[in-house]
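One structure below.
In full-length UniProt numbering, the protein residues as written are 1 to 279.
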C-alpha cells in the first residue's frame, strides 16, 4: 500500500482516449463535482485499498471508478485511479515475507491468484494494447522520486505552492515532449554506458508513455514528500536540471561532469530516503 510520503507520476488522457460509455461516465463524474484533488487523493486511495483487503474478500472486489481531473478551456483530461490493480498489488505485497499460514488467512490463495493475474496483465504492455487490459495511469514511489522520472520534465514546467494549506510541487508537460526527452536520454545512455540499470529504467518509462493518447499530459507530483522538506529546499530543488546536466555531460563524453551531477542528485534523494528510518 502506498505510503503518504510518496511521489507520483501520472498521465491524464483526453476523453477521446476512452470508449463512449467511459466518456459519458467521466463527464457525469466531473459535472457532479466528484473529482478528487491530488492533495486528498492518496489518503482516499489508501483507505479504499485497506478496506478492500480487510473485508475478508475471496475475490477482487469491484471498486468505484475515481480519478484526478485536469480542466482547461477546450479539454477535459482524466487520470483514473485503477484501484483494482492497486488492491491486487497490495494483496501480493501483504503476503511477502509472511508465513504461509498467516498469509493465507489474511489474503486467501484464491484472491492471491486473481491478484497475480491482474498484476501480470498490467505489466505486460502488449496485453494492455491488444486485449484492452486497463492502463495504470499513476505510478507511485515511496520516500523519494525515481531519477528516471526527472528525465521527462524541464525546470520551466515546475509549479511550487508554499501555502501551508495547499503545499505542493508538481511538474506538468505534454506527453509528446516527455516522449522526446525519454528518447533522447535513451540514445545518450545506450551510447555512453550501454544496457545499465538506469538505461533499462528510462526505457521502461518510455514504454509506459507509449500506452497513452498522444494529447495526454504527464505530471510529476512530489506528493507527501513536500511535508518532509522546508520551503527553501523545495525552492532550490534543481533535480531536473541535474539530470539534464548529467545527460549532456555523457553526450559530450565528459564523464566527470556527468558523475558530479549524478552524485549530487543521488545524495539529495538518499537523504530523503533515510528519513523513513527516523522515529
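Ideal Cβ placement from N, Cα and C applies to all residues, glycine included.
Every value quoted in this text rests on a predicted model; they were computed, and no experiment measured them.
For residue i, the nearest candidate out of the options (CA to CA)
{"i": "residue 114", "options": "84, 141 and 137", "result": "84"}
{"i": "residue 135", "options": "153, 10, 72 and 162", "result": "10"}
{"i": "residue 186", "options": "71, 80, 261 and 198", "result": "198"}
{"i": "residue 173", "options": "18, 47, 228 and 240", "result": "240"}
{"i": "residue 92", "options": "110, 76 and 77", "result": "110"}
{"i": "residue 70", "options": "87, 47 and 37", "result": "37"}
{"i": "residue 211", "options": "4, 5 and 18", "result": "18"}
{"i": "residue 80", "options": "232, 138, 202 and 49", "result": "138"}
{"i": "residue 40", "options": "269, 4 and 195", "result": "4"}
{"i": "residue 156", "options": "163, 95, 177 and 140", "result": "177"}
Proximity test, residue i beta-carbon vs the ligand MN heavy atom, cut-off 6 Å
{"i": "residue 120", "result": "The ligand content of the structure shown is nil, which means the ligand MN is not present either."}
Identified DSSP bridge partners for residue i
{"i": "residue 7", "result": "141"}
{"i": "residue 14", "result": "77"}
Residue interval of the alpha helix (DSSP H) (run including residue i)
{"i": "residue 275", "result": "No alpha helix (DSSP H) holds residue 275; DSSP gives it neither H nor E."}
{"i": "residue 29", "result": "20–31"}
{"i": "residue 202", "result": "197–209"}
{"i": "residue 243", "result": "239–252"}
{"i": "residue 234", "result": "231–236"}
Boundaries of the beta strand (DSSP E) in which residue i is found, first to last residue
{"i": "residue 219", "result": "217–221"}
Task: At least 3 beta-carbon pairs within less than 8 Å: the stretch 138–155 vs the stretch 4–20 - done: Inter-segment contact for the stretch 138–155 and the stretch 4–20 is present: three or more beta-carbon pairs are separated by less than 8 Å.
Open item on the list: Please give the ranges of any alpha helix (DSSP H) in the stretch 35–86, keeping only runs that are unbroken, at least 4 residues long and fully inside the region.
Closed with: Taking only runs of at least 4 residues, the alpha helix (DSSP H) segments lying wholly in the stretch 35–86 are 41–53.
- [ ] Could you tell me whether the stretch 32–40 touches the stretch 232–248, where touching means 3 or more Cβ pairs closer than 8 Å?
- [x] The stretch 32–40, when compared against the stretch 232–248, does not touch it at the 8 Å Cβ threshold.
Open item on the list: Would the stretch 159–172 count as touching the stretch 205–212 if we require 3 or more Cβ pairs under 8 Å?
Closed with: Inter-segment contact for the stretch 159–172 and the stretch 205–212 is absent: fewer than three beta-carbon pairs are separated by less than 8 Å.
- [ ] Jot down the residue ranges of each uninterrupted alpha helix (DSSP H) in the stretch 136–193, minimum 4 residues, whole runs only, in chain order.
- [x] Listed in chain order, the complete alpha helix (DSSP H) runs (minimum 4 residues) inside the stretch 136–193 are 147–150 and 175–192.
Open item on the list: Across the stretch 175–190 and the stretch 146–162, are there enough close Cβ pairs to call them in contact, namely three or more that are closer than 8 Å?
Closed with: For the pair of segments examined, the stretch 175–190 was found to touch the stretch 146–162: the number of CB pairs separated by less than 8 Å reaches three.
Task: Stretch-stretch touch, CB-based, cutoff 8 Å, three pairs: the stretch 12–29 with the stretch 71–91 - done: Judged by Cβ distances under 8 Å, the stretch 12–29 makes contact with the stretch 71–91, as three or more pairs qualify.
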